[in-house]
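Only one structure is covered here, and it is reproduced in the block below.
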Amino acid sequence: MNNIEIERKFLVKGDFLPFVSAKAEIAQGYLCASKERSVRVRIKDDSAYITIKGPSGMNGFSRLEFEYPIPCDHAAEIMKLCNAVIEKERHYVPSGKHVFEVDVFRGAHDGLIIAEIELQSEEESFEKPAWLGEEVTGDVRYYNSYLASHP
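Going by our numbering, the first residue of the sequence shown is number 1, and it counts up by one from there.
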């Protein structure tokens with residue numbers, strides 16, 4: 001069982017919409033958000049999850065992650081315990097052998113667009129589409145847990 005998430009994040013500088021293969025509506029809130037750990041509840045379309053993440057490694061790429069499906073009605077009740085909820089539309093954009101998840105934020109972070117890619121190793125190479133902007137991996141200002149507490 002591999003519970004290590006290896007992820008890189010980028011701001012989006014161009015039009016990615018022509019390349020979208022699917023999209024989803026996401027609402028997520030945080031029960032705990034610190035440098036050492038985060039616990040979030042997420043409702044994604046008609047599914048819900050609770051996710052526990054450990055601290056990021058030195059370069060911000062890797063961290064422990066445990067995610068479990070939960071009933072949507074439970075997630076909605078748990079969401080009420082969260083201080084803030086992030087709402088975003090997620091777009092799935094294939095690129096080479098990978099898929100970027102491009103989040104278009106709403107509400108207090110309207111206009112912010114972040115692309116994430118999950119990798120098998122920190123050294124794995126990937127295609128960088130022309131619409132990809134500055135890398136913000138490891139910059140806590142772009143962590144969803146930070147955005148939830150800094151509207």
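Don't be surprised by glycine CBs; every beta carbon is placed ideally from N, CA and C.
Which residue from the options puts its Cα closest to that of residue i?
| i | options | result |
| --- | --- | --- |
| Arg63 | Leu132, Tyr143 and Ile4 | Ile4 |
| Ser21 | Val12, Ala75, Phe100 and Tyr30 | Phe100 |
| Ile26 | Phe19, Asp45 and Ala33 | Asp45 |
| Ala108 | Ile43, Ser149 and Asn2 | Ser149 |
Would you call the CB atoms of residue i and residue j closer than 8 Å?
| i | j | result |
| --- | --- | --- |
| Tyr92 | Lys23 | yes |
| Glu135 | Gly96 | no |
| Phe61 | Ile117 | no |
| Ala48 | Ile70 | yes |
Could you give the distance in angstroms between the alpha-carbon of residue i and the alpha-carbon of residue j?
| i | j | result |
| --- | --- | --- |
| Ile50 | Asp103 | 19 Å |
| Ile78 | Ile86 | 14 Å |
| His74 | Cys82 | 13 Å |
Output the boundary residues of the beta strand (DSSP E) element that contains residue i.
| i | result |
| --- | --- |
| Ala148 | Segment Asn144 to Ser149 is the alpha helix (DSSP H) holding Ala148; no beta strand (DSSP E) there. |
| Lys128 | Segment: none, Lys128 is in no beta strand (DSSP E) and carries neither H nor E. |
| Lys35 | Careful: Lys35 lies outside any beta strand (DSSP E) and carries neither H nor E. |
| Glu123 | Segment: none, Glu123 is in no beta strand (DSSP E) and carries neither H nor E. |
| Arg8 | Ile4 to Val12 |
Output the boundary residues of the alpha helix (DSSP H) element that contains residue i.
| i | result |
| --- | --- |
| Ala76 | Cys72 to Met79 |
With three or more beta-carbon pairs closer than 8 Å as the criterion, would you say the stretch 32–41 touches the stretch 51–67?
yes
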